[in-house]
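A.B. asks: Going by my numbering, the first sequence opens with residue 430, and the numbers climb by one from there.
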Amino acid sequence: MNILEQTEDTLKQQIKAAVLKADLASEEEIPSIILEKPKEKSHGDFATNIAMQLARVAKKAPKMIADDIVSHLDKTAASIDRVEIAGPGFINFFMKTDFLEDVIPAILDAGAAYGTTNTGHGKRIQVEFVSVNPTGDLHLGHARGAAFGDVLCNLLATSGYQVEREYYMNDAGNQIDNLARSIEARYAQALGREAEMPEDGYHGADIVEIGEELAKEYGDKWLHESTEERINFFKEYGLKYEFQKIEADLNEFGVTFDNWFSEKSLYEENKITPMLHKLEEGNYTYEKDGAVWFRSTDFGDDKDRVLVKNDGSYTYLTPDIAYHQNKIDRGFDQLINVWGADHHGYIPRMKAAIQALGYPKNKLEVKIIQMVNLFENGQKVRMSKRTGNAVSLRELMSEVGVDAVRYFFVMRSNDAQLDFDMDLARSESNDNPVYYVQYAHARISTMLKQAENKGFALDGAFDAALLTAEKETELLKKLGEYPQVVADAAQKQAPHRVTQYVFDLASLLHSFYNAEKVLDADNEALTYARLALMKAVRITIANALALLGVTAPEKM
RNA sequence: GUCCCAGUAGCUCAGCUGGAUAGAGCAACAGCCUUCUAAGCUGUGGGUCGCAGGUUCGAAUCCUGCCUGGGACGCCA
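Take a look at the structure:
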């Protein structure tokens with residue numbers, strides 16, 4: 430438990446004790462006591478609305494209740510400096526600042542582990558994200574999902590969950606046949622033959638490349654093989670080529686997976702038929718128009734879904750249900766899927782399937798990532814100038830760098846659409862939040878070097894009680910909040926809270942930097958206290974940036 | 001037509017489990033470098049929280065209806 434939590438806990442207990450002593454309510458009648466951190470400084474360090482909540486039970490005006498509570502409160506035990514009653518009945522607590530003195534030692538002690546908690550209690554969570562089809566480049570929506578998923582996993586892992594990252598490879602079914610036939614056409618074309626692309630073929634530049642590569646490597650060998658052999662070979666070749674490219678792009682983006690799950694393996698390991706039988710046994714399927722349908726409307730879907738088409742093949746949904754069953758069978762407590770906004774209509778049928786297989790609906794949670802709109806020179810960028818296709822992750826990374834892309838993609842709530850301003854992401858100015866935060870880290874780093882040059886030992890003893898300036902107190906409070914922010918962001922699955930936090934922390938640092946001088950030969954004691962504070966800030970910024978997958982530079 | 005997301009300052013967005021005078025950044029305006037990085041800081045102005053009802057001591061937040069924008073509604077994946 431961190432310092433701030435401890436302080437809050439003690440305070441809550443004391444408030445509860447005061448309520449009982451004042452005979453305002455019985456033990457059972459007391460609602461859980463909520464402490465908030467007022468935005469307004471004049472409202473104290475903590476505030477509670479308990480008096481208003483008790484108004485009905487105690488049948489008294491909130492202000493009188495507040496008076497009663499305050500007069501029965503043991504201020505020393507809760508390390509309260511003073512208490513005020515304000516507004517309609519808020520009780521504002523002004524704490525003795527000594528609790529802040531423990532913040533720095535705690536951070537220096539924990540180092541890179543500061544922010545780690547065990548709020549997840551080892552719960553096993555699997556996060557499936559990206560899972561792009563092997564038929565082209567990763568575009569902006571995928572990239573945002575990749576950044577979101579990755580940071581979410583980092584958050585969960587830091588908060589004591591056991592996390593597994595998985596990529597579901599769509600390496601079977603129609604679209605892969607299509608891929609092979611597209612390659613076939615490009616291959617023939619590369620050999621100078623007339624060949625038409627299949628009707629729903631993939632027209633990306635990568636397929637042309639594959640065709641050329643094959644022509645170079647094999648000449649016209651594959652034109653003479655049987656269609657079956659040729660297509661099978663192209664299928665495998667194309668899959669390998671595409672997934673390698675996807676993996677390489679993701680690696681460069683700082684995203685890796687624990688497991689790449691093959692859709693094809695569901696067929697090879699016979700996972701689909703047993704699943705269909707199970708649905709059938711539960712009477713969740715029926716035949717109509719020569720097809721097998723899933724009665725997903727039993728679980729609130731707006732229409733039933735086809736599992737087996739009248740030509741005997743499966744829809745996309747069918748192996749996907751088997752996949753989710755497989756995931757659950759692997760023993761995860763919770764499944765999280767990160768999907769693009771265009772998949773949201775798919776949620777009810779997958780949740781229906783999970784219930785039909787006998788699992789609770791909330792075993793699966795789906796995070797929907799809203800669309801990304803790219804802007805450059807104030808204009809919406811629809812297509813890449815270079816390729817004429819949608820702008821790819823690779824292109825974006827080379828244009829603005831990994832740090833900016835990652836930061837920008839998790840800066841906003843996942844369910845809000847995102848405007849990505851290329852000029853802003855590129856700009857090396859205070860407008861750019863990434864640079865703003867990184868600059869704070871670099872500033873401290875060079876300052877610490879200066880300190881050493883001037884003969885101040887970086888691990889010197891210090892007295893945190895000397896840090897009483899307003900900017901220092903604010904920094905200390907902010908630093909103390911960090912573990913809760915992380916745990917909160919993990920629990921709410923909201924990575925943007927971390928960008929928000931680290932930006933605020935950087936802002937406080939810059940403000941402090943301008944207001945106070947750290948290295949002061951005439952006041953060694955204060956210098957050492959401030960150096961310790963700076964080290965604590967640097968650690969916290971570095972840890973937050975690490976969660977985001979953004980680098981923390983020593984100098985800029 | 002049904003469903004999902006969004007609607008908060010000129011722009012881009014926060015706003016946790018309902019709380020006090022709704023917050024940042026950018027843009028605008030006025031200042032701060034002989035001093036640890038000015039990629040920074042300080043100050044000022046700017047809001048009927050889409051609209052209308054309801055619940056509540058108390059609503060940007062919860063409920064209902066409506067309006068606007070985006071997306072999804074295949075025996076595609």
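For glycine and all other residues, C-beta sits at the position ideal for the given N, C-alpha and C.
Using DSSP's beta-bridge definition, name the partner residues of S821.
C.D. replies: The residue given as residue 821 occupies position 392 in the first sequence. Note: S821 sits in a beta bridge opposite H568.
A.B. asks: Identify every run of the alpha helix (DSSP H) within the region 495 to 581, keeping only runs that are complete inside it and at least 4 residues long; order them along the chain.
C.D. replies: Runs of the alpha helix (DSSP H) inside the region 495 to 581: 532 to 539.
A.B. asks: If you follow the alpha helix (DSSP H) that F663 is in, where does it begin and where does it stop?
C.D. replies: Position 234 of the first sequence, counted from the first residue, corresponds to residue 663. Segment 656 to 681, the alpha helix (DSSP H) holding F663.
A.B. asks: Report the residue ranges of all alpha helix (DSSP H) runs contained in full by the region 876 to 923; include only those spanning at least 4 residues, in chain order.
C.D. replies: The qualifying runs are 899 to 920.
A.B. asks: So, helix, strand or coil for L449, using DSSP?
C.D. replies: Within the first sequence, residue 449 is the residue found at index 20, counting from 1. Correct three-state label for L449: helix.
A.B. asks: Would you list, in sequence order, the uninterrupted beta strand (DSSP E) runs of no fewer than 3 residues that lie entirely inside the region 686 to 763?
C.D. replies: List check, beta strand (DSSP E) in window: 688 to 691, 714 to 717, 720 to 723, 734 to 737.
A.B. asks: Return the CA-CA distance between L569 and V820, expressed in angstroms with no decimal places.
C.D. replies: The sequence position of residue 569 within the first sequence is 140, counting from 1. The sequence position of residue 820 within the first sequence is 391, counting from 1. Cα to Cα, L569 sits roughly 7 angstroms from V820.
A.B. asks: Between A617 and A609, which are expected to be in contact by the criterion C-beta below 8 angstroms, what is the C-beta distance as a whole number of angstroms?
C.D. replies: Counting from one through the first sequence, the residue named residue 617 turns up at place 188. Counting from one through the first sequence, the residue named residue 609 turns up at place 180. With a Cβ gap of about 13 angstroms, A617 and A609 do not count as contacting.
A.B. asks: Which value, in whole angstroms, describes the spacing of the CA atoms of L581 and M840?
C.D. replies: Looking up residue 581 in the first sequence gives position 152. Looking up residue 840 in the first sequence gives position 411. When rounded, the distance between both Cα atoms is 13 angstroms.
A.B. asks: Which first and last residues belong to the beta strand (DSSP E) in which I798 is found?
C.D. replies: Residue mapping note: residue 798 aligns to position 369 of the first sequence, counting from 1. I798 -> beta strand (DSSP E) spans 793 to 798.
A.B. asks: State the start and end residues of the unbroken alpha helix (DSSP H) segment that holds V637.
C.D. replies: Translated into positions along the first sequence, residue 637 becomes position 208. Residues 634 to 647.
A.B. asks: Just to check my reading of the structure: L746 and L793 have Cβ atoms closer than 8 angstroms, yes? What is that Cβ distance to the nearest angstrom?
C.D. replies: Taking the first residue of the first sequence as 1, we reach residue 746 at position 317. Taking the first residue of the first sequence as 1, we reach residue 793 at position 364. Not confirmed; about 14 angstroms, so no contact.
A.B. asks: Any idea what DSSP makes of R841, helix, strand or coil?
C.D. replies: Here the question's residue 841 lines up with position 412 in the first sequence. Reduced to three states, the DSSP call for R841 is coil.
A.B. asks: A944 lies in the alpha helix (DSSP H); which residues open and close that run?
C.D. replies: Within the first sequence, the letter at position 515 stands for residue 944. Run containing A944: 925 to 944, per the alpha helix (DSSP H) assignment.
A.B. asks: Can you look up T980 in the DSSP assignment and give me helix, strand or coil?
C.D. replies: Sequence index remark: in the first sequence, residue 980 carries index 551 (1-based). Coil at T980, not helix or strand.
A.B. asks: Please classify S611 as buried or exposed, where buried requires at least 16 neighbouring CB atoms within 10 angstroms.
C.D. replies: The sequence position of residue 611 within the first sequence is 182, counting from 1. With 16 or more other Cβ atoms within 10 Å, it is buried.
A.B. asks: In the structure shown, what three-state DSSP assignment does L803 receive?
C.D. replies: Mapped onto the first sequence, residue 803 falls at position 374. Three-state result, L803: strand.
A.B. asks: Do you know whose CA, among R926, G909, A975, I750, lies nearest E530's CA?
C.D. replies: What you label residue 530 is simply residue 101 of the first sequence in a count that begins at 1. Checking every option, the nearest Cα to that of E530 belongs to G909.
A.B. asks: Label M430 either buried or exposed according to how many other C-beta atoms from any shown protein chain fall within 10 Å of its C-beta, with 16 as the threshold for buried.
C.D. replies: Here residue 430 refers to the residue found at position 1 of the first sequence. No answer about M430 holds up, because its pLDDT of 49 lies below 50 and its placement is not dependable.
A.B. asks: Identify which residue in R778, V767, A782, M812 has its Cα closest to the Cα of V795.
C.D. replies: As a position in the first sequence, residue 795 is number 366, starting the count at 1. Here the closest residue by C-alpha is V767.
A.B. asks: Just to confirm my understanding: we take Q784, look at its own chain, exclude 5 residues before and 5 after, and list those with CB closer than 7 angstroms. What are they?
C.D. replies: To locate residue 784, count along the first sequence from 1; it is residue 355. These residues qualify, in order along the chain: F728, K790.
A.B. asks: Does the distance from the CB of A880 to the CB of I970 come in under 8 angstroms?
C.D. replies: Position 451 of the first sequence, counted from the start, is the residue given in the question as residue 880. Position 541 of the first sequence, counted from the start, is the residue given in the question as residue 970. No; because the gap between Cβ atoms is not below 8 angstroms, this pair is not in contact.
A.B. asks: Using 10 angstroms around the beta-carbon of S725, count the other beta-carbons present and answer buried if the total reaches 16, otherwise exposed.
C.D. replies: Here residue 725 refers to the residue found at position 296 when the first sequence is read from its first residue. So S725 ends up on the buried side.
A.B. asks: By how many angstroms is the C-alpha of D771 removed from the C-alpha of P748?
C.D. replies: Position 319 of the first sequence, counting from 1, holds the residue named residue 748. Position 342 of the first sequence, counting from 1, holds the residue named residue 771. Using only the alpha carbons, I get a separation of about 20 angstroms.
A.B. asks: Assign N661 to buried or exposed, taking buried as 16 or more other Cβ atoms, counted over all protein chains shown, within 10 Å of its Cβ.
C.D. replies: On the first sequence, residue 661 is found 232 positions in, with the first residue counted as 1. So N661 counts as exposed.
A.B. asks: Go ahead and label A634 buried or exposed: buried means 16 or more other beta carbons lie within 10 angstroms of its beta carbon, across all protein chains shown.
C.D. replies: What you label residue 634 is simply residue 205 of the first sequence in a count that begins at 1. Exposed, by the Cβ-count rule.
A.B. asks: For E861, does the count of other Cβ atoms within 10 angstroms reach 16, so buried, or fall short, so exposed?
C.D. replies: Here residue 861 is taken as the residue at index 432 of the first sequence, counted from 1. According to the sequence displayed, residue 861 carries Asn and not Glu. Per the 10 Å Cβ criterion, buried.
A.B. asks: Cα separation between E903 and K964?
C.D. replies: Residue mapping note: residue 903 aligns to position 474 of the first sequence, counting from 1. Residue mapping note: residue 964 aligns to position 535 of the first sequence, counting from 1. One C-alpha to the other measures close to 16 angstroms.
A.B. asks: Find the nearest neighbour of L537 within the set I968, L668, L976, A973, judged by alpha-carbon distance.
C.D. replies: Locating residue 537 in the first sequence gives position 108, counting from the first residue. The residue with the shortest Cα to Cα distance from L537 is I968.
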